[in-house]
Amino acid sequence: MQWLFQRTGEHWANERFAKDDWQGLQVFAIDGVIFRTPDTPDLQAHFGSASNATIKQSAYPLLRCVTLMNTHTHVILDAQVGDYRTAETPLAEAMLDKIPDRSIILLDRNFWSTNLMHTLMTRGNERHWLIPKRSNAVYEVVEEYGDGDALWRMTVSSQARKKNSGKRPANNTF
1 MQWLFQRTGE HWANERFAKD DWQGLQVFAI DGVIFRTPDT PDLQAHFGSA SNATIKQSAY
61 PLLRCVTLMN THTHVILDAQ VGDYRTAETP LAEAMLDKIP DRSIILLDRN FWSTNLMHTL
121 MTRGNERHWL IPKRSNAVYE VVEEYGDGDA LWRMTVSSQA RKKNSGKRPA NNTF
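In structure tokens form, the structure reads like this:
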């Protein structure tokens with residue numbers, strides 16, 4: 001599955017259409033999904049399964065898949081597959097180099113990671129992101145557009161700066 005998405009993404013990734021842009025930017029979304037796989041010992045050993053206090057493992061092995069999709073064409077540019085216990089953010093970080101310049105990336109709240117957002121900004125030209133704000137986020141409102149809609153600035157933590165040394169924005173904010 002990962003191979004198929006990556007090969008088709010390589011083929012169609014650079015195609016542009018007249019109405020493909022928003023404000024001169026291509027629009028992409030990164031999101032994750034969990035798939036059930038056939039119930040075989042090999043897949044169970046490779047991908048694992050869910051468990052809780054009463055059930056030791058789910059009926060089927062589960063895999064996590066995170067995709068990068070063009071929201072206009074619905075072409076999947078990249079997909080990263082991991083075992084069930086792998087979080088979405090590391091899988092997303094593995095595909096950041098596939099994101100074209102002059103783009104905006106839509107993310108859901110599960111991708112809230114200073115490191116991910118910082119890396120998005122520093123690994124290309126004119127890369128932007130849009131993500132719902134966490135309730136515990138510390139930020140400064142730069143400009144308000146409407147109810148619950150604002151541009152805000154957040155200071156990059158010392159941990160994220162250390163993790164991204166040499167690749168940080170000049171003002172350590174985004």
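Counting from 1, one number per residue, gives the positions in the sequence shown under UniProt numbering. Virtual Cβ for every residue (Gly too), placed ideally from N, Cα, C.
Candidates W12, L43 and L91: closest to D31 by CA position: L91
What residues match up with L106 in a beta bridge as DSSP calls it? A29 and L130
DSSP-derived helix/strand/coil call for D101: coil
To the nearest whole angstrom, what separates the beta carbons of V156 and T89, a pair I think is in contact under 8 Å? Rounded, the Cβ-Cβ distance is 16 Å, inconsistent with contact.
Mapping the DSSP letters down to three states, classify G48 as helix, strand or coil. DSSP places G48 in coil when its eight states are reduced to three.
Cα separation between P100 and L4? 20 Å
Which residues mark the beginning and the end of the alpha helix (DSSP H) in which Q23 is found? No alpha helix (DSSP H) holds Q23; DSSP gives it neither H nor E.
According to the neighbour-count rule (16 or more other Cβ atoms, all chains shown, within 10 Å of its Cβ), is M117 buried or exposed? buried
For the beta strand (DSSP E) holding W152, just list the boundary residues, first then last. D149 to R153
Determine whether the beta carbon atoms of L62 and S49 lie at a separation below 7 Å. Yes. Within cutoff.
Is any beta-carbon of chain D found at less than 7 Å from that of Y84? Absent from the structure is chain D; it holds one protein chain and no more.
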